[in-house]
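Remarks on the structure that follows.
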Amino acid sequence: MINKLFLFIFASILILFSINLSAKEGMYIPMLLQKINSSEMEAMGMKITAEDIYSINKSSIKDAIVQFGGGCTGEIISNQGLLLTNHHCGYRSIQKHSSINNDYLTDGFWANTFEDELPNSGLTATILQNMNDVTGIILAGVTTNMTEIERQNIIRINISKLTEGNADNKFIKLEVKAFYYGNQYILMTSKVFSDVRLVGAPPSNIGKFGGDTDNWMWPRHTGDFSVFRIYTDAFNNPAEYSKDNVAYKPAQSLSISLKGYNEGDFTFVFGYPGTTEEYLPAEGVALATETVNPFKISLRRQELDIMNSYMEKSAEIRIQYSAKYAGLANGWKKWIGESNGVKRLRTVERKTEEQKDFAIWANENEYKNLISSFKTTYKAFLPWEMAYNYFIEAGYYENMISFSNQFFKLAQLSTDKKTSEKDIADYVQNLKNAAESFYKDYNSDVEKELLMTTINAYASFPYSEVPLPETIETIKSKYQGDSKKYVENLFKKSIFRNKETLFSFLNNYKRANYKNLEKDILMKLTGSYFNNFINKIRPNLAQYQNKLDSLQRIYMKALIEKNADKYLSPDANSTLRVAYGNIANYSPHDGITYNYFTTLEGIMQKENPNIYDYVVEPKLKSLFKNKEYANYADADGTMHVCFLATNHTTGGNSGSPVMNANGELIGINFDRNWEGTMSDLNYDPEQCRNITLDIRYCLFIIDKFANAQRLIEEMNISR
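Residue numbers for the sequence shown follow numbering that gives the first Met the number 0, so the first one is 0 and each next one is one higher.
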């Protein structure tokens, strides 16, 4: 039964890919390009073949595409493992190497030799080797009358059986990913490189020019790039960091074109898009954009204001909190644009009408109760989904809560008689290492205000059927709701109040000291958050989430059947994808049309020496004044900085290569326009644009601004 079902679904998917294809929408599975997309891509102007992009029989462009860390993309641009990604993708690595004396965030960093390149513990570069459809294997034993939990248990066992033989090889990653909400499964085999070193980064007022003000916006002038290098052992195999490691020799690296582009030119993006949810029902979109987003937007606005008020007054605090601020602001602004875009497109109303049509079609088949089940389940799900978001935003992501949560394991180890003293000592050392990192970017005044703000948010949770953490109730009763008084008391008594008190505790730690952890006021707060979520929130959340997952999978299957003459692309799921489209301008409002590229002149127009995000480097101004562009200027004589295209992208595509019809690198994807941020839920070809750093501006900064010609000499550049 399952095999027949899979064959039907897979055949339907192939049909869908073959009909009514849109060049402006979709994130395509690379191994299917030859069968599904190549004809259209060639008709649009592509001059290479699908096998040039993805092949397991020869080297191909896929061998130069890297999943950078856990959430970005990068591309290899030399036969010595040189790698480009975004400045914001490399930001944490740059920050970790920065200090008051070596402020690489502000001043930039450029390694003069291989020996000067900086290692980054924990940073990985993952390169896909091949993809294989394993749907039949993963769904073996699954039947239609199973509960969602029973189904997931069998799938989990089947995945484990398929991948368990690789458990001892940490440099080869086997990962099975679900497509079409579990109607298809593909096995990804990848190499994981763990010695990735920082080679170069421009100053933040180039790499982050425009800051959070310009984030998600167009026109854009951000030189959003950083340079890393992959290192291996002497045999070109992945290896942990060693001074004896050598530069990686890739199967393929990208060629770079300096020839530019014109409006309408074919482009494609190759990368690791994170998550899209284009097939949610109206109720799901409404929950995300009308309830969840407004809460997160409001809380993050308060947190950002607190950080900013301190960062403006202190260079030290600015360095400490810059990465945290950027991380919070990124989501905050995206959610605003997403909710606005969904409202403008009337996505909820459109989906509601589509569901009425679906209900009529489904009235005589097995799907007749699907839409009503969605409505009932989402209504019951809402308060528990909001409880989850309150826990994540006001608890799990809160700096003090997140850090102190690591110490519960120390208490557990200390009370377990089977745990050796050495194991305890080793974990204490791990905590010391974590504490060094945490307190490097810690300011007690900032943390007090942030903690007080998140406690106030939690205390105002509006759904009475959901229980609050015990400590929140205590603050309401014992402190009469005065969170400021509670937080002041916490910062007087907790061992976490500063680095000195915590290290005094850790340096003298004995097994019996776990009792001090249990009594600590911050640990009690953290424990109440996590206990409330684990024991009271998560069971209810999981119950409704499992039901929704089952309904969504069935709905996806039904949509495939109902829309047999239309194209439905698989949602993004952090797997390697190809998106393609054209260079294009757009009109956000009546009477306004944005050009498809920006220039260095726009940076000078935006310059404001009184606003940090718009400070222009003196050397960059000199290069502009004297038009010292070398071979990097456009045919029009200007230095292009960024450009727009219609490629469908999302989070995870940051750092992805944007290539021309010849498969040459012409830019580095780094953002979407604000009017198009709803593309995760509803792609609009008129408004959705990916924003790309022009590779010529990137090389201009490396060559003429940083004088890092040794890097230019490594690259294969077509002039």
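C-beta atoms are modelled at their ideal positions from N, C-alpha and C, and glycine is treated no differently.
Asked                                                                                                                                                                                              : Found
Along the chain, where does the beta strand (DSSP E) containing residue 671 start, and where does it finish?                                                                                       : 664-671
So, at 7 Å on beta carbons, what are the nonlocal neighbours of residue 273 in its own chain, with the 5 sequence-adjacent residues on each side left out?                                         : 70, 571, 573, 649, 650, 651
Find the nearest neighbour of residue 321 within the set 330, 310, 331, judged by alpha-carbon distance.                                                                                           : 310
According to the neighbour-count rule (16 or more other Cβ atoms, all chains shown, within 10 Å of its Cβ), is residue 27 buried or exposed?                                                       : buried
With distances taken Cα to Cα, identify the nearest neighbour of residue 618 among 31, 106, 48.                                                                                                    : 106
So does the segment 373-384 actually touch the segment 477-488, counting three or more Cβ pairs closer than 8 Å?                                                                                   : no
With C-beta atoms as the reference, is residue 89 less than 8 Å away from residue 253?                                                                                                             : no
Report the rounded CA-to-CA distance for residue 35 versus residue 602, giving the unit in angstroms.                                                                                              : 42 Å
What is the DSSP secondary structure of residue 75, counted as helix, strand or coil?                                                                                                              : strand
Please go through the same chain and pick out, in chain order, the residues whose beta-carbon is closer than 6 Å to the beta-carbon of residue 709, but skip the five residues on each side of it. : none
Assuming contact is defined by CB atoms lying nearer than 8 Å, are residue 123 and residue 199 in contact in what I supplied?                                                                      : no
Rounded to whole angstroms, what is the Cα-Cα separation between residue 459 and residue 453?                                                                                                      : 10 Å
Would DSSP call residue 20 helix, strand or coil?                                                                                                                                                  : Per-residue confidence for residue 20 stands at a pLDDT of 38, beneath the threshold of 50, marking its modelled position as unreliable; no derived number is given.
How is residue 486 classed by DSSP in three states: helix, strand or coil?                                                                                                                         : helix
Give the DSSP-derived three-state secondary structure of residue 569 in the structure shown.                                                                                                       : coil
Considering residue 617, what are the terminal residues of the alpha helix (DSSP H) in which it resides?                                                                                           : 617-624
Name the DSSP bridge partner or partners of residue 578?                                                                                                                                           : 268
Spatial neighbours of residue 223 within its chain, please: CB distance less than 8 Å, with the 5 preceding and 5 following residues excluded, ordered by chain position.                          : 85, 86, 87, 206, 207, 667, 669, 670, 692
Touching or not, the segment 627-647 and the segment 688-707, by the rule of three or more beta carbon pairs under 8 Å?                                                                            : yes
Measuring alpha carbon to alpha carbon, tell me which of 558, 312, 438 ends up nearest residue 360.                                                                                                : 558
Below 7 Å CB to CB, which residues in the same chain sit around residue 232 once its five sequence neighbours on both sides are set aside?                                                         : 238, 244
Quick one: what's residue 187 bridged to in DSSP?                                                                                                                                                  : 130, 174
Pick out whichever of 336, 324, 307 has its Cα sitting closest to the Cα of residue 288.                                                                                                           : 336
Are the segment 402-420 and the segment 511-526 touching, with three or more C-beta to C-beta distances below 8 Å?                                                                                 : yes
Counting only runs that start and end within the segment 627-688, where is the beta strand (DSSP E) found for 3 or more residues in a row?                                                         : 639-644, 656-658, 664-671
Check each candidate in 160, 505, 398, 546 and name the one with the smallest Cα separation from residue 424.                                                                                      : 505
Given a cut-off of 8 Å, decide if residue 467 and residue 478 are closer than it, judged by their beta-carbon atoms.                                                                               : no
Identify whether residue 717 lies in helix, strand or coil by the three-state DSSP scheme.                                                                                                         : strand
What is the DSSP secondary structure of residue 229, reduced to helix, strand or coil?                                                                                                             : strand
Count the CB pairs spanning the segment 34-48 and the segment 626-644 that are closer than 8 Å, and state whether there are at least three.                                                        : no
Is the beta carbon of residue 266 closer than 8 Å to that of residue 534?                                                                                                                          : no
Determine contact between the segment 629-638 and the segment 695-712, defined as no fewer than three beta-carbon pairs at a distance below 8 Å.                                                   : yes
Tell me whether the beta-carbon of residue 137 lies closer than 8 Å to the beta-carbon of residue 175.                                                                                             : yes
Can you tell which of 420, 249, 227 has its C-alpha closest to the C-alpha of residue 235?                                                                                                         : 249
Give me the Cβ distance between residue 577 and residue 29, rounded to the nearest whole Å; I'm assuming they're in contact under 8 Å.                                                             : 6 Å
Exposed or buried, residue 10, counting other C-beta atoms within 10 Å across all chains shown (16 or more means buried)?                                                                          : Unreliable placement is indicated for residue 10, whose pLDDT of 45 sits below 50; the coordinate value is still reported in the next sentence. With fewer than 16 Cβ atoms within 10 Å of its Cβ, residue 10 is classed as exposed.
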